[in-house]
Amino acid sequence: MGDFGGLWCKTYRHVSLLAAWLTVLTASTVSAQSAIVRGTILDAVTREPLPWANIAIVGTSIGGASDIEGRFEIRSAPVGSYTIKATYIGYETSELEVVLTADQVLELELPLEPVSLIEEEVIITAQASGQTAAINRQLSSLAITNVVSGARIQELPDANAAESVARLPGVSIIREGGEGARVVVRGLSPQYNQISIDGVQLPGNVVSNDPNEQASLVGDRATDLSMISSGILGGIDVVKAITPDMDAAVLGGVVNFGLRKARPSDTRPVFGLTSQGSYNDLKGTYADYRLAGSLEHRVFNQRLGMFLQGTTEKRNRSANRLGAHYVLNDKSNGDEGIPDLTSVDLSDVFSEKQRHGATLVLDYDHDSGEVGILNFFSTSETGSLHRGQSFVHASDDITYSGGRSNSDLMSITSLLSMRQEVPLFDIDLKFSHAYSRSQNPENFTFTFLQDRAGYSGQGNLSKSHPSTIAALGVPDSTGATLTTINTSENIAKDRSLTGSVDIERSLVTTDVLASRIKLGGSYQYRKRSYDIEDRAGVHFNLGGRQLYARVFEQYPELNKYNGDIVLALFTNDPYSYRNFLAGDYSLAYPMNIDFMEEILAIAIARDVGFIDNEYRSLGFDYDGSEVKSAAYGMLTINMGERITLLPGVRFQNLRTSYTGNRGVQLPDAGGGIAFNARDTTTTNSQGFLLPMVHARYKPLQWLQIHFAYTKTLNYPDYSAIVPRYDVSLATIIYNNYSLRTASSENIDLAVSIYGNAVGLFTINAFRKRIEDLIFPSTTFLSNLSAYPDLPQDGQGTGQLYNFSTFINNPNPTDVRGIEIDWQTHPWYLPNPLSNLVFNVNYTRVFSEADYPRTELDISYDELGTLYRTVVDTSYTSRLLHQPNDIFNLAVGFDYRGFSARLSALYQDNIFKKPDFWLQQRIHSDKHTRWDIAISQRLPWFGMQAFFNLNNITGADDIDLNRKTSFPALQERYGMTADIGLRVML
């Protein structure tokens, strides 16, 4: 605690000095005599506040927008007689004549009437209210933003926060266990986007559970969202084009989750309780549940608010999986060649996830500002039992695997914010703490090998469909012997402390021109570490049979298969694979995972051929720190009511210091691999000046054009800059700690047509040119002199190393696309059609990236002398995780206390695996998912019953081989259903 206490002091000192400097700077300007106009925009019928309403002083360039609670304030309002105009999509415009005098503070309440064709009281329904709030927020934002309002989330919540984000244009999600986990924005992978809660950036918390995924094993900068429940959210903003006062470390978009605040209440606190039960169709389980309780209250004349919520839930996130691997062996026919199918993997994963969370939000409004305290805690624990078979027809064998994997994720976020108005300027101070811990504890896998699998004599099967290979294999549990046991556990920790200050004031205020200046800066310290422990026992069926003897000592009744430990000893489990992959494939032998754990305990206790993997246990460990500092300045210039300009500049610097292990792999006497390593620390610092400009023009009352030019960044993944290398006999893996930060030049043009009848129709075209984007690279080297920190012992021997590293792409990467979005509520139709709400959007994304490629040409002269020529080149393809098409449709209906929403998600051709050879590329198949949510308010105690069907058709996620359209990956999660009750007292 002492170290971080000192860091808090350091952060506070940096922010305080910056605040003092900005105070002096902004105080140097002098303003003319003016008044202050403040108040609240309300629904005239329900008296509910209307967030993001537009307020203007007619005939001047002065105005603003209401906040999430419908409140507004116009400072530096001119003295004289004026008309205050309030507009809000879905409501009639309201105008009020006022007389303003010098130094006056005028308090107003402006009620707006819902639009209607008939002269009777009209009540805006829940989903329509949520839609209109999102529309008005989007139109009033100085950044290019898509919005999901709090009202929409709270009326019909999604399974988690990622699912809510996925309904917005330009957004697709990566699913794990059937639920959204990570966000792809505009075709840019999760590590290129930023996730925050009330402006506090969440740490990267993705740690691979697959030891073969070296690139992401020690974590990238992506954030897993599956731990965030949608019930705690007060709204979601996805910012596509940032402003200079925002962190610039984003290429795709910033996803900001706003937490709920206490709503206005009477003398009694409001209690909420949600109880939910769920059904999983894939496994036929009814044991899932979710419980959530909340308390909110406002006291002291609504000034002090408290919102407290706790949640706990359990979900079955099981899956059936097919994996197929393709290699192009005959490369003489170019794109016409057919790849060979090398293996087929089938696996059943029984997975249960438990989530727990707590949120506390305190806020205090006073006459000249606001103080807020936010605390957010979330944890998820996932336990999985995996059972699988791998069919390899060329070697005529089947490999069986079974084991247990665990994944635990915890996140804590705290924020203290202070907003204060003083005579010359407004000041915002924020201090935050964010902590993330991601670990995979006590994972283990048993592997059994069956030598004769029935493929002998079947002919050449390399061009067959995966279903053919799986069907021809003949499982034999008595012929499959135990070969390998592997255990691993890893943990990543990330803690950040951040302080920021923003100071804003008016510069010029006239009838035709109004401008405000905003200056600020931030300082962030981040501490991160990763540790992995890996042990393995191999070749138990060959030379390492000590384990066999120890097991038979304890379980002599098992010694009945010629002294071998075979799969048949583990197949006495009542577990059922049910209708595996809808009956298209079958898995044999449901393995007894509990008995495997008993055998594992013997292997660990007796230490028989079960040894540490020093390479993996040392080679991937690291720790380090980052310091990110930034300063910015921007002007907001209103020219009349039609034109708004926002020029600005941001300077942002990142200093990294990481310690990793560098070593050489050598065989040891015990048959394992020794890793002779030493730790090394490297430090790097990079700063960027980032100009930006936004221009918003309203040529007509129903038309808005928003242009944005921004410059943004993406920092290298931790897995790329940790100073580690691994040298083995013919291979070198070398992290590039000198990688440059990628930068992107972004251009956006959004055209919006809006009005009470049309709602909001937007076409947003964008283009990004990314320089220095980081890619993995593999080449061949015999001369290592360019890397003096590598061992030089082999120099001059002609040893050719397969050299893997990360590089900055020397060629720019282009991303472009178009997003079309329509949100509307046809209030003008007769009942009940007037209660419909439509949200529909379509996105088309294009990208072009040059991937590094190395060719090794081998030739001989007439004397038989060997010549090896290394040719470094590249090939052009799409960016990883880029979809071609995304389509979202949601149709909502409200009638009295009844609400329903039918939604559809369509995604096509997501790029999953780049490769020079078309035959080895992978992309997703067309995927359509249907969901329905229904709720009914009941006449007792504020009760509401709800029912949800998720993935109604049970659609699978399927990836295809680019050439053959055979499946490369198929994941089946099935349909799930929720039923529950919400109570508000």
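Numbering (our numbering), first residue to last: 8 to 992. We put the CB at the ideal spot given by N, CA and C, even for glycine.
Secondary structure of Asn467 (DSSP, three-state): coil. If you draw a straight line from the Cα of Met417 to the Cα of Leu240, it comes to about 18 Å. Within the segment 234-295, the beta strand (DSSP E) runs of at least 3 residues that lie entirely inside it are, in chain order, 240-248, 261-266 and 277-287. Non-local C-beta neighbours of Leu302 in its own chain, meaning closer than 7 Å and more than five positions away in sequence, comprise Pro276, Phe278 and Leu315, ordered along the chain. Listed in chain order, the non-local C-beta contacts of Glu540 below 6 Å within the same chain comprise Glu496 and Ser624, local neighbours out to five positions each way being set aside. When C-beta atoms of the segment 844-857 are compared with those of the segment 167-178, three or more pairs fall below 8 Å, so the two segments count as touching. By the Cβ neighbour-count rule, Ile572 is buried, with 16 or more other Cβ atoms within 10 Å of its own. DSSP places Gln198 within a helical segment (H, G or I) once states are collapsed to three.
Beta-bridge pairing by DSSP links Gln561 to no other residue. The C-alpha of Ile204 is placed about 36 Å away from the C-alpha of Val65. Setting aside the 5 residues that flank it on each side, Trp829 is surrounded in the same chain by Phe768 and Val847, each with a C-beta closer than 6 Å to its C-beta; the list follows chain order. Cβ-Cβ separation between Ala331 and Val356: approximately 17 Å, too far for a contact (criterion under 8 Å).
Residue range Ala42 to Asp50 is occupied by the beta strand (DSSP E) that includes Ala42.
Residue pairing for Thr883: DSSP places it in a beta bridge opposite Asp857. Here the alpha carbon of Tyr596 sits roughly 8 Å from the alpha carbon of Ser484. In the structure shown, Arg512 falls within a strand segment according to DSSP collapsed to helix, strand and coil. Under the Cβ criterion (8 Å, minimum of three pairs), the segment 461-480 does not count as touching the segment 952-969. In this structure the segment 684-692 does not touch the segment 752-759; the number of beta carbon pairs closer than 8 Å is below three. When beta bridges are read from the DSSP output, Met598 appears opposite no residue. Collapsing the DSSP output to three states places Gly824 in a strand. Distances from the CA of Ser285 to each of Asn957, Met991, Ile965 and Val990 were compared; the closest alpha carbon is that of Asn957.
The beta carbon of Asp342 sits closer than 7 Å to those of Leu925, all from its chain and outside the five residues before and after it, given in chain order. For the pair Leu791 and Glu855, the Cα-to-Cα distance works out to about 32 Å. Taking Gly949 as reference, the option from Leu988, Lys437, Tyr562 and Asn916 with the minimal CA-CA separation is Leu988.
CA-to-CA, the gap between Glu778 and Gln553 works out to about 56 Å. Look at Gln361 here: in three-state DSSP terms it is strand.
Around Gly259, the same chain offers Val192, Arg193, Leu195, Tyr199 and Asn200 as residues with beta carbons nearer than 6 Å, after the five sequence neighbours per side are excluded.
With a beta-carbon spacing of about 6 Å, Ile235 and Asn167 fall inside the 8 Å limit used to define contacts. For Asn143, there is no enclosing beta strand (DSSP E); the enclosing alpha helix (DSSP H) covers residues Ala133 to Ser147.
Cβ contact annotation for Ala135 (same chain, cutoff 6 Å, sequence separation greater than five): His832 and Val844, in chain order. Going by DSSP, Glu170 is part of the alpha helix (DSSP H) stretching over Ala168 to Val172. Comparing alpha-carbon positions, the option among Asp415, Ser421, Asp458 and Ser412 lying closest to Thr406 turns out to be Asp458.
Residue environment analysis places Leu436 among the buried positions, since at least 16 neighbouring C-beta atoms fall within 10 angstroms of its C-beta. For a cut-off of 8 Å, the C-beta gap from Pro197 to Ala169 is around 10 Å, too long to register as a contact. Ser784 is the residue among Ser784, Gly390 and Ile492 whose C-alpha sits nearest the C-alpha of Glu862. Beta-bridge analysis with DSSP links Tyr537 to Ala499 and Tyr629.
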